[in-house]
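**Q** Can you keep this structure in mind? I'll have questions shortly.
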Amino acid sequence: MKRKILGFTVLCTMAVFAFAFKAQPIAVVGTLFQLDDASQPFLPQSYSVATIDPLTACPNSSAVCVLDVPLGDIYTSGPNNGKPKVDIATGAAGELSDDIITALGNASDPTSFPSRSRVIYEKQP
Numbered sequence: 002m003k004r005k006i007l008g009f010t011v012l013c014t015m016a017v018f019a020f021a022f023k024a025q026p027i028a029v030v031g032t033l034f035q036l037d038d039a040s041q042p043f044l045p046q047s048y049s050v051a052t053i054d055p056l057t058a059c060p061n062s063s064a065v066c067v068l069d070v071p072l073g074d075i076y077t078s079g080p081n082n083g084k085p086k087v088d089i090a091t092g093a094a095g096e097l098s099d100d101i102i103t104a105l106g107n108a109s110d111p112t113s114f115p116s117r118s119r120v121i122y123e124k125q126p
């Protein structure tokens, strides 16, 4: 009888741990772009559609790794078609380039901008 109770207790404990430590899936708010050239974070051509998981591939550090941006932050025509609008710096509040600068100076990772539906993940340069 003790073995059955012990076995049942171990089984229940394993079930609890299996669900308690599951990795949280990434909650994408827009389109993910990974930075291919860390020396050019404000050049749209330096980005490609992400093929990595930013939660595992982008440990907190001081360089842009992945941008999660809404469709309004993506060029729809011209030479930068399909790339993020990281090169716009007109001085208007809320530009993607401003959020990148804020994220690079922020100790937390990822840095979220919920009102603009943006998330910026960082990695070591």
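For the sequence shown, the residue numbers in the numbering used here are 2 to 126.
Each residue gets a CB set at the ideal place from its N, CA and C atoms; glycine is no exception.
Span of the beta strand (DSSP E) holding Ile75?
**A** Here Ile75 belongs to no beta strand (DSSP E), and DSSP marks it neither H nor E.
**Q** May I have the straight-line CA-CA distance separating Val65 from Ala104, to the nearest angstrom?
**A** Each residue's alpha carbon lies about 8 Å from the other.
**Q** Rounded to whole angstroms, what is the Cα-Cα separation between Ala93 and Val70?
**A** The straight-line gap from Cα to Cα measures roughly 18 Å.
**Q** Check the C-beta distance from Phe51 over to Leu72 and give it rounded, since I have them as a contact under 8 Å.
**A** The sequence given here places Ala at residue 51; Phe does not occur at that position. About 15 Å separates the two Cβ atoms, so there is no contact after all.
**Q** Taking only the alpha-carbon atoms, compute the straight-line gap between Pro111 and Gly79 and give it to the nearest angstrom.
**A** Each residue's alpha carbon lies about 30 Å from the other.
**Q** How many Å lie between Gly95 and Ile101 at the Cα?
**A** Straight-line Cα distance between these residues: approximately 10 Å.
**Q** Which two residues bound the contiguous alpha helix (DSSP H) that contains Thr103?
**A** Looking at the DSSP string, the run of the alpha helix (DSSP H) that includes Thr103 is 97-105.
**Q** On a Cα-Cα basis, can you pick out the residue from Ser49, Leu97, Cys59 that is closest to Gly83?
**A** Considering only alpha carbons, the answer is Ser49.
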